[in-house]
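So the structure is just underneath, and the comments pick up after that.
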Amino acid sequence: MTPEIIEKLFPNALPSIAEIEAKYPPRSLPEGARVMRVAPSPTGKMHVGTLYQALLAERVAHQSGGVFFLRLEDTDQKREVAGAADLIINSLARYGLRIDEGVGADGQDIGLYGPYIQSQRREIYQAYAKKLLMDGLAYPCFCTAEDVDMMRKIQEKQGLRPGYYGKYAHCRHLTDEQILENLAAGKPWVLRFKSPGKYDNRIVVKDLMKGNLSMPENDMDIVLIKGDGLPTYHLAHAVDDHLMGTTHVSRGDEWLSSVPLHIQLFTALGWKPPKFAHMAPLQKLDNGNRRKLSKRHDPEASITYFWEHGYPEIAMVEYLLNLINASFEDWRKTNPEKSAFDFPMNFNKVSNTAGALFDFMKLNSISKDVVAAMTAEEVYQAVLAWAKTYNPSFADRLLAHDAYVKAILNIERGIGKKSRKDLLKWEDVENDISYFFDELYQPTLADQLALLAGLDEALIRQVAADYRAVYRYDDSKEVWFDKIKQVGAQNGFASDMKAYKADPSAYRGSVADVAKILRVLITGRVQSPDLFAIQQVMGEDRVMHRLMI
RNA sequence: GACCCUAUCAUCUAACGGUUAGGAUACAGCCCUCUCAAGGCUGGUAUACGGGUUCAAAUCCCGUUAGGGUCGCCA
13 MTPEIIEKLF PNALPSIAEI EAKYPPRSLP EGARVMRVAP SPTGKMHVGT
63 LYQALLAERV AHQSGGVFFL RLEDTDQKRE VAGAADLIIN SLARYGLRID
113 EGVGADGQDI GLYGPYIQSQ RREIYQAYAK KLLMDGLAYP CFCTAEDVDM
163 MRKIQEKQGL RPGYYGKYAH CRHLTDEQIL ENLAAGKPWV LRFKSPGKYD
213 NRIVVKDLMK GNLSMPENDM DIVLIKGDGL PTYHLAHAVD DHLMGTTHVS
263 RGDEWLSSVP LHIQLFTALG WKPPKFAHMA PLQKLDNGNR RKLSKRHDPE
313 ASITYFWEHG YPEIAMVEYL LNLINASFED WRKTNPEKSA FDFPMNFNKV
363 SNTAGALFDF MKLNSISKDV VAAMTAEEVY QAVLAWAKTY NPSFADRLLA
413 HDAYVKAILN IERGIGKKSR KDLLKWEDVE NDISYFFDEL YQPTLADQLA
463 LLAGLDEALI RQVAADYRAV YRYDDSKEVW FDKIKQVGAQ NGFASDMKAY
513 KADPSAYRGS VADVAKILRV LITGRVQSPD LFAIQQVMGE DRVMHRLMI
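Spelled out as structure tokens, the structure:
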């Protein structure tokens, strides 16, 4: 390639390689420290899989005393969506993934190895592209997308491996004169890698999760610089992860087959490739078949799905940690008090399967435990924060009755295993506690009688009247329950469960049925938390009023 | 079509040549109990299939099948 051609391809002044390298000195970090990153594209929704992958990278980096950074891969300007970058930044912060470097909440760079937005690094990529060109490891290609497409179809028809390689790499064989002619004619071009590889050669690719893999050497002359002057993923990956000092690249499975190419690129640029860890994608069951969670088709693939429904962030983190490494579960059992972020993460025991199915049952179960471990105040604040965005009228109610709501949320809330475990996401709270509010408690007598089918109305009225006569707000729970038994006995209900079970025909029912009558009258439901606790929170007036039937 | 990955209960997984194949979630039953939730106890369900190697295979090898991924001026 003559200097004339190179000058025509890259006419603008570009920083020299030495200048660039000087700006990105090797990091001074302790032995064993790992530098890792999450590098999503701001193309719309934030995928749960991005959080999943970021969580592994963040934990490994920080636990090793290293650096975790965020890089925005926005080299495909067609796909860029406004606001997508903010969503990524907010999501990481929301789940407690601390960024040492990258793009901050205000859009400003944090850290010295930036810019961390690829579209702002254009000249850097071009400088290295120019270097490859000078080294004879790249060449301009004038084939249009249509040309390449047509060639691929022909290759497929002939049963050949499709792609731009070997004798099918048309522009690789252009003479300097032909290049000059095309340039003079103003033909658009892209820069391609002149792959030194042979497909028949096999190389060993090391992956932290999959082990050593034997793969064919890359021989594709892939595009390095696109028609718009921005790099493809491949070039950007090599340049950025070299300059930014990434030691370990964790990324999706879909990159595995590109590793031979990436190793070639690093080598061509004179760099040592980082270590790779490829993670299988999260999957879901669709008509009996597994498939990757898709942002387009699956609402739960988007992280905002979990915001809308009010899943606690910690629950999400614990669930994902569990998917990354199933020994998390055992660790959690022996370390119930520790933060999930204290779980020692390493690559050794990371799950290495074809991809885990996202399991809401398991998430729910974890979420129940997480909520049970929270105080009423913490639950209140979390529900309020959720409601402000997703249910404003409920938020107003929470604010207007904050002490009352906290008392409600405190019912059967103890420490650890003693705590009530039925709440798993914030969107459920409104319905769970609605009967505590007179304006939301609207069952008709007919509704209540239907819930009490099998007991006749006169009996129900009598039980209610008898209970009203003895009910005292200040009674202890024991005294209260004795009174329930007493009211039951007056009306033919067994006060002793064992006696009832021994001879059910001797009674109208048991003390459980008496409680059921009161529960339905007071809450409008057949199931509720502890009735005594409910009454204490509701207050005497409200309880008495509901018993007036 | 070529190349690569993966294959243990319904789900997430443990076992890295010798275990009654373990745990968690889910499910079922019992106990506890004012209902529910929880908790305790118990139970059923798995090494995809076929060949090897070995005294011994979920584990190693080969093949088959199935699922996933890649083969873009998308990342």
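Each number in this note's numbering corresponds to the 1-based position in the first sequence with 12 added. Cβ atoms here follow ideal geometry from the backbone N, Cα and C, with glycine treated the same way.
For V216 and S207, which I take to be in contact (beta-carbon distance under 8 Å), what is that distance rounded to the nearest angstrom? Reading the first sequence from its first residue, position 204 is the one you call residue 216. Reading the first sequence from its first residue, position 195 is the one you call residue 207. No, V216 and S207 are not in contact; Cβ-Cβ is about 18 Å, not under 8 Å.
May I ask you to verify whether the region 416 to 436 touches the region 291 to 300, counting CB pairs closer than 8 Å and requiring at least 3? As far as the Cβ criterion goes, the region 416 to 436 does not touch the region 291 to 300, which means the pair count is below three.
Whole-angstrom distance between I136 and D240, CA atom to CA atom: Taking the first sequence and counting its residues from 1, the one referred to as residue 240 is at position 228. Taking the first sequence and counting its residues from 1, the one referred to as residue 136 is at position 124. Cα to Cα, D240 sits roughly 15 Å from I136.
Nearest candidate by alpha-carbon position, reference T259, set K284, T279, Y245 and W267: Numbered from its first residue, the first sequence carries residue 259 at position 247. If we check each option's Cα against that of T259, K284 comes out closest.
Label Y485 either buried or exposed according to how many other C-beta atoms from any shown protein chain fall within 10 Å of its C-beta, with 16 as the threshold for buried. For the purposes of this step, residue 485 is taken as the residue at position 473 of the first sequence. Exposed, by the Cβ-count rule.
Around the C-beta of N334, are 16 or more other C-beta atoms found within 10 angstroms, so that it is buried, or is it exposed? As a position in the first sequence, residue 334 is number 322, starting the count at 1. So N334 counts as buried.
Whose CA, out of L268, Y107 and Y447, lies closest to the CA of K218? The residue given as residue 218 occupies position 206 in the first sequence. K218 has its Cα closest to that of L268, out of L268, Y107 and Y447.
Smallest Cα separation from L396: which of V50, R173, A248 and K437? The residue labelled residue 396 in the question sits at position 384 within the first sequence. Nearest to L396 by C-alpha distance, out of V50, R173, A248 and K437, is K437.
Alpha-carbon spacing of I445 relative to P38, whole angstroms: Translated into positions along the first sequence, residue 445 becomes position 433. Translated into positions along the first sequence, residue 38 becomes position 26. About 57 Å.
Would T401 and K57 be called neighbours here (beta carbons separated by less than 8 Å)? Working through the first sequence from its first residue, we reach residue 401 at position 389. Working through the first sequence from its first residue, we reach residue 57 at position 45. Not closer than 8 Å, so no.
Taking 8 Å as the threshold (C-beta atoms), are K222 and K290 in contact? Locating residue 290 in the first sequence gives position 278, counting from the first residue. Locating residue 222 in the first sequence gives position 210, counting from the first residue. The amino acid at residue 290 is misidentified as Lys; the sequence shows His. Less than 8 Å divides the Cβ of H290 from the Cβ of K222.
Let me check one thing: in DSSP terms, what residues is M232 bridge-paired to? Position 220 of the first sequence holds residue 232. Looking at the DSSP output, M232 sits in a beta bridge with Y177.
I need the boundaries of the beta strand (DSSP E) containing N301, first residue and last residue. Counting from one through the first sequence, the residue named residue 301 turns up at place 289. Going by DSSP, N301 is part of the beta strand (DSSP E) stretching over N301 to K304.
Within 8 Å, do at least three Cβ pairs link the region 48 to 67 to the region 150 to 161? Touching, no.
Does the Cβ of L124 lie closer than 7 Å to at least one heavy atom of the ligand NAP? For the structure depicted, the ligand NAP is absent and the ligand set is empty, with no information on it obtainable.
What residues match up with N568 in a beta bridge as DSSP calls it? Residue 568 is absent from the model: the chain starts at 13 and stops at 561.
Bridge partners - L369, DSSP secondary structure assignment: Here residue 369 is taken as the residue at index 357 of the first sequence, counted from 1. According to DSSP, L369 shares a beta bridge with Q295.
Please go through the same chain and pick out, in chain order, the residues whose beta-carbon is closer than 7 Å to the beta-carbon of E552, but skip the five residues on each side of it. Looking up residue 552 in the first sequence gives position 540. The answer, listed in chain order, is Y485.
Secondary structure of R164, DSSP reduced to three states: For the purposes of this step, residue 164 is taken as residue 152 along the first sequence, with counting starting at 1. The answer is helix: DSSP assigns R164 an H, G or I state.
Helix, strand or coil: how does DSSP classify I122 here? Position 110 of the first sequence holds residue 122. Note: I122 maps to strand in three-state DSSP.
Can you round the beta-carbon distance between Y323 and S379 to whole angstroms, since I take them to be within the 8 Å contact cut? Along the first sequence, read from residue 1 onward, the residue named residue 323 stands at position 311. Along the first sequence, read from residue 1 onward, the residue named residue 379 stands at position 367. About 6 Å separates the Cβ atoms of Y323 and S379, confirming a contact at the 8 Å cut-off.
Using DSSP with H/G/I as helix, E/B as strand and the rest coil, what is A25? Within the first sequence, numbered from 1, the residue matching residue 25 stands at position 13. Coil, per DSSP.
Pairwise C-alpha distance: W319 and R110: The sequence position of residue 110 within the first sequence is 98, counting from 1. The sequence position of residue 319 within the first sequence is 307, counting from 1. Straight-line Cα distance between these residues: approximately 19 Å.
In chain order, what residues of the same chain lie with their CB nearer than 7 Å to the CB of I129, ignoring the 5 residues before and after it? To locate residue 129, count along the first sequence from 1; it is residue 117. Excluding positions up to five away in sequence, the list reads L84, D86 and V115.
Using a threshold of 8 Å, state whether the C-beta atoms of P228 and Y211 are closer than that. In the first sequence, the residue the question calls residue 228 occupies position 216. In the first sequence, the residue the question calls residue 211 occupies position 199. Taking 8 Å as the Cβ cut-off, P228 and Y211 qualify as a contacting pair.
Could you say which of H254, L273 and A292 lies nearest to R214 if we only look at CA atoms? Against the first sequence, residue 214 aligns to sequence position 202. With distances taken between Cα atoms, R214 lies closest to L273.
I423 by DSSP, collapsed to three states: which one? Along the first sequence, read from residue 1 onward, the residue named residue 423 stands at position 411. Residue state, collapsed to three classes: coil.
To which residues of the same chain is Y177 closer than 8 Å at the C-beta, ignoring the five residues directly before and after it? Taking the first residue of the first sequence as 1, we reach residue 177 at position 165. Cβ-Cβ distances below 8 Å link Y177 to S207, Y211, D231, M232 and D233 in the same chain, with the five nearest sequence neighbours on each side left out; the list follows chain order.
Helix or strand or just coil, what does DSSP make of F519? By 1-based counting over the first sequence, the position of residue 519 is 507. It should be noted that the sequence gives Tyr, not Phe, for residue 519. The answer is coil: DSSP assigns Y519 none of H, G, I, E or B.
Report, in whole angstroms, the separation of the C-beta atoms of K68 and I336, which I expect to be a contact under 8 Å. As a working mapping, residue 68 is identified with position 56 in the first sequence. As a working mapping, residue 336 is identified with position 324 in the first sequence. Inspection of the sequence shows that residue 68 is occupied by Leu rather than by Lys. Confirmed, Cβ separation roughly 5 Å.
Is the region 469 to 487 touching the region 521 to 537 in the sense that three or more CB pairs, one from each, lie closer than 8 Å? Because the criterion of three Cβ pairs below 8 Å is met, the region 521 to 537 and the region 469 to 487 touch.
State the DSSP-derived secondary structure class of C183, mapped to helix, strand or coil. Taking the first residue of the first sequence as 1, we reach residue 183 at position 171. C183 sits in a helix when the DSSP states are folded into three classes.
Smallest Cα separation from K142: which of L281, F22, W398 and P348? As a first step, residue 142 is located in the first sequence; it is residue number 130 there, counting from the start. Among L281, F22, W398 and P348, the Cα nearest to that of K142 is on F22.
Going by DSSP, which residues form a beta bridge with H59? Taking the first residue of the first sequence as position 1, residue 59 is located at position 47. BP columns for H59 point to S314.
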